[in-house]
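Some notes on the structure that comes next.
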Amino acid sequence: MEAKDEGKLSEGKDGDSKAESKGAAGGDILDKVSSFVMSSGFERDFELFAQKHGSTFDKAVDMQKGDEHSLEFHEVYQEYLSTFEGKIEGFVSENGSTIEEFRRLAQAALQDPDTDFERRFFIEVRSAEH
274 MEAKDEGKLS
284 EGKDGDSKAE
294 SKGAAGGDIL
304 DKVSSFVMSS
314 GFERDFELFA
324 QKHGSTFDKA
334 VDMQKGDEHS
344 LEFHEVYQEY
354 LSTFEGKIEG
364 FVSENGSTIE
374 EFRRLAQAAL
384 QDPDTDFERR
394 FFIEVRSAEH
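When you line the sequence shown up against the working numbering, it's residues 274 to 403, in that order.
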């Protein structure tokens with residue numbers, strides 16, 4: 274699939290997130306995943322997802338404190354998790370690791386007071402999605 278087809282996500286063509294991420298700088302799987310999610314291909318897929326579902330979230334602008342989100346919000350969130358977690362899990366596997374190893378390293382990094390801000394921020398954002 275080509276990314277130019279609005280509403281569809283790219284899947285491994287030259288220049289997209291898969292191709293760019295394979296060349297991610299050395300380091301552990303946390304570093305590689307961090308580079309992968311910052312790649313232009315992954316960002317493009319995220320932007321396409323946002324464009325496809327933007328009208329769903331436009332409704333939230335008028336919500337008042339205490340209003341409940343619609344089932345539609347939950348469904349889009351589940352699609353988001355499935356789409357992007359699947360991409361990350363596939364990337365982790367392609368790089369010879371497991372999601373369990375990724376999570377173990379993330380937890381250890383959060384407990385290490387010497388973990389730099391950028392790495393800590395990346396892990397905390399990833400953790401907040403669950």
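C-beta: ideal position from N, C-alpha, C; glycine also.
Nothing here was measured: the structure is a model prediction, and the numbers come from that model.
Use the C-beta contact count for residue i: other C-beta atoms within 10 angstroms, 16 or more gives buried, fewer gives exposed.
| i | result |
| --- | --- |
| residue 318 | buried |
| residue 369 | exposed |
| residue 307 | buried |
| residue 364 | buried |
So, at 8 Å on beta carbons, what are the nonlocal neighbours of residue i in its own chain, with the 5 sequence-adjacent residues on each side left out?
| i | result |
| --- | --- |
| residue 333 | 342 and 346 |
| residue 379 | 303, 396, 399 and 400 |
Alpha carbon to alpha carbon, how far is residue j from residue i? Give it in angstroms, no decimals.
| i | j | result |
| --- | --- | --- |
| residue 329 | residue 356 | 17 Å |
| residue 344 | residue 310 | 28 Å |
| residue 366 | residue 313 | 20 Å |
| residue 320 | residue 353 | 12 Å |
| residue 323 | residue 340 | 22 Å |
| residue 270 | residue 358 | Residue coverage of the chain in this structure runs from 274 to 403, which leaves residue 270 outside it and unanswerable. |
| residue 371 | residue 389 | 23 Å |
For residue i, which residues in the same chain have their Cβ closer than 7 Å to its Cβ, ignoring the five residues on either side in sequence?
| i | result |
| --- | --- |
| residue 349 | 326 and 329 |
| residue 298 | With a pLDDT of only 47 at residue 298, under 50, the local geometry of the prediction cannot be trusted, and the value read off the model is given with reservation. Taken in chain order, the residues that qualify are 304 and 308. |
| residue 337 | none |
Thinking C-beta only, is residue j closer than 9 Å to residue i?
| i | j | result |
| --- | --- | --- |
| residue 394 | residue 360 | no |
| residue 381 | residue 392 | no |
Could you name the residues of the same chain whose beta carbon sits closer than 6 Å to that of residue i, not counting the 5 residues immediately before and after it, in chain order?
| i | result |
| --- | --- |
| residue 295 | Low local confidence applies: a pLDDT of 37 at residue 295 is under 50, so the model's placement there is unreliable, with the coordinate-based value given in what follows. For residue 295, where only same-chain residues beyond five positions count, there are no Cβ hits under 6 Å. |
Exercise for the section: Would you check if there are 3 or more beta carbon pairs closer than 8 Å linking the segment 373-392 to the segment 302-311? Expected result: yes
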